[in-house]
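One structure is given here, and the rest of the page talks about it.
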Amino acid sequence: MAVLSFLDFFSTTLQRVSITIAANVCRSVPSDCYSLVQDAVPLLSQLFLHSDAKVAEKACKSMYYIVESFQHSSAVLEKVCVDSLIPNTLKLIRTHPAIVDNTTRQQALKIIRVLFSKSSRVAMDAFKQHSFLDVASI
Numbered sequence: 262m263a264v265l266s267f268l269d270f271f272s273t274t275l276q277r278v279s280i281t282i283a284a285n286v287c288r289s290v291p292s293d294c295y296s297l298v299q300d301a302v303p304l305l306s307q308l309f310l311h312s313d314a315k316v317a318e319k320a321c322k323s324m325y326y327i328v329e330s331f332q333h334s335s336a337v338l339e340k341v342c343v344d345s346l347i348p349n350t351l352k353l354i355r356t357h358p359a360i361v362d363n364t365t366r367q368q369a370l371k372i373i374r375v376l377f378s379k380s381s382r383v384a385m386d387a388f389k390q391h392s393f394l395d396v397a398s399i
């Protein structure tokens, strides 16, 4: 996952390969091994806004896998929910014209749904930060 830290220095092709590898790693994270992906969470969240659609889609898919893996632990979901995750997810969903496909937008919505439904703290923090206004406009 350290390769995500240096993604900006790679060509677009290598960026896509790197994020694909990260997505594959996130797919098989055991539910008791959050530490394996912890450092990648803020980086993946930032990649939701990447100018290349394929990179943004794979970043969303990676985060979707992480959220799905840890959906039964509200404590871990609260750690996953870094400062920019919800705003960046909402931006990914709301971007017009859409830079990502409908499957990716659905995964982004599922990320929000799982975070809000499995952790009341995440939901309340989002409402306090007025992110709920953005959710209502989807």
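In my numbering, the protein residues as written are 262 to 399. C-beta: ideal position from N, C-alpha, C; glycine also.
Distance CB(residue i)-CB(residue j) smaller than 8 Å
i       : j       : result
Ala-369 : Ile-347 : no
Val-316 : Gln-276 : yes
Val-264 : Tyr-295 : no
Met-262 : Ala-284 : no
Thr-350 : Lys-319 : no
Asp-313 : Thr-356 : no
Cys-342 : Val-383 : yes
Ser-335 : Lys-379 : yes
Phe-271 : Ser-279 : yes
Val-302 : Ile-327 : yes
For residue i, the nearest candidate out of the options (CA to CA)
i       : options                               : result
Lys-340 : Ser-306, Phe-271, Phe-270 and Arg-366 : Ser-306
Ile-372 : Asp-344, Lys-322, Phe-270 and Asn-285 : Lys-322
Leu-304 : Leu-268, Ser-272 and Thr-365          : Leu-268
Phe-331 : Thr-365, Val-375 and Leu-310          : Val-375
Ala-359 : Phe-309, Ser-378 and Val-278          : Phe-309
Cys-287 : Phe-271, Thr-364, Val-298 and Ser-279 : Val-298
His-311 : Lys-352, Ala-387, Met-385 and Glu-329 : Lys-352
Ser-266 : Met-385, Asp-386 and Asp-300          : Asp-300
Burial state of residue i, where buried means 16 or more other Cβ atoms lie within 10 Å
i       : result
Ser-381 : exposed
Lys-400 : Residue 400 is absent from the model: the chain starts at 262 and stops at 399.
Met-324 : buried
Phe-377 : buried
His-333 : exposed
Thr-364 : exposed
Minimum Cβ-Cβ distance from residue i to chain D less than 8 Å
i       : result
Val-264 : Any reference to chain D falls outside this structure, which holds one protein chain only.
Problem set entry | 4 or more residues per run - each alpha helix (DSSP H) lying fully within the stretch 277-358 | 301-308, 314-330, 335-341 and 346-355
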